[in-house]
Structure formats: C-alpha cells, structure tokens
Amino acid sequence: MIIAEEQQIEEEVASSEDKPLALFDDRIGAFAAYTIAADLLKLREIYAGYLMRITDDAWARRTERRACGWTLLETLAHLDAISGMFNTSVELALASQPIIVPGITTRSDLRAANRAAID
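Numbering-wise (the numbering used here), the sequence shown opens with residue 174 and increments by one.
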C-alpha cells in the first residue's frame, strides 16, 4: 500500500513539472496589481510621514541601551541594505541565476558587508 502511494506521488510530481504553478484563489482582489500598488503607495506615505517627524538629534540616538547598539540612522540603513540584497536575490532566483551578493562569499563575511552597506 505504501509503495503504491509513493509511486502515485512520484507520478503526480513528475506530471506537474511541466505545468506552471497554480495561482491561488484571490476572490477579494487582495493580490491584484492595483491593490498592491495602492497598498505600497499608502505604505510610502506612512514612512515619509514618520521620517519627516524625526528630529536631527534623533538620528544619532542609540536604539538600544547598550553602548554598542545601532543608531536610528544605522538601523534604517541596515534595513535598506538588507531589503536591497533580498530583492536582488529574489530577482536572480526567479531568473534561475546563481545568487551572488557582492562582498559576501561565506557567512563570516556578513558582518563586514553589513557594516559597509550601513556606512
């Protein structure tokens, strides 16, 4: 019985390799292009409003109580750098290309690459 089930699964996987991924049912249009675009514009407005209210001295303030904690500027620079790396990785993966992040060849390179991106 188990062997028959395994064979059926293998056949289904093999037959699905030529088919595009099935789209999920989006009955309310939450993932329609216009909905996503409107959501991103709203998010941009929220971020812009937040960033405009930050005082000059707040940018240099530490986000943690520890002396080695990042400043607000370093934290936002880190998020920007990491999101850029993530977007590049997704684009390369979708194009079936190897994911190469400049400055990072091993995990131990991550700290220095992150610091360089922040600076």
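No residue lacks a Cβ here, since even glycine has one placed at the ideal position from N, Cα and C.
{"Check": "For residue 222, decide whether its Cβ has a neighbour in chain B, counting only Cβ atoms nearer than 7 Å.", "Outcome": "No chain B appears in the structure shown, which is made up of a single protein chain."}
{"Check": "Can you tell me which of 262, 279 and 252 puts its alpha carbon nearest to the alpha carbon of residue 271?", "Outcome": "262"}
{"Check": "How do the region 279-291 and the region 248-260 stand: do at least 3 beta-carbon pairs fall below 8 Å, yes or no?", "Outcome": "yes"}
{"Check": "Tell me the DSSP secondary structure of residue 209 in three-state form.", "Outcome": "helix"}
{"Check": "Quick check: what's the CA-CA separation for residue 229 versus residue 208?", "Outcome": "35 Å"}
{"Check": "Roughly how many whole angstroms lie between the Cα atoms of residue 277 and residue 219?", "Outcome": "33 Å"}
{"Check": "For residue 259 and residue 274, what's the separation of their Cα atoms in angstroms?", "Outcome": "10 Å"}
{"Check": "State yes or no: is the C-beta of residue 235 within less than 7 Å of the C-beta of residue 244?", "Outcome": "yes"}
{"Check": "For a test of the three-state rule: what should DSSP assign to residue 227, helix, strand or coil?", "Outcome": "coil"}
{"Check": "So, at 8 Å on beta carbons, what are the nonlocal neighbours of residue 285 in its own chain, with the 5 sequence-adjacent residues on each side left out?", "Outcome": "276"}
{"Check": "Nearest-angstrom Cα distance between residue 206 and residue 268?", "Outcome": "21 Å"}
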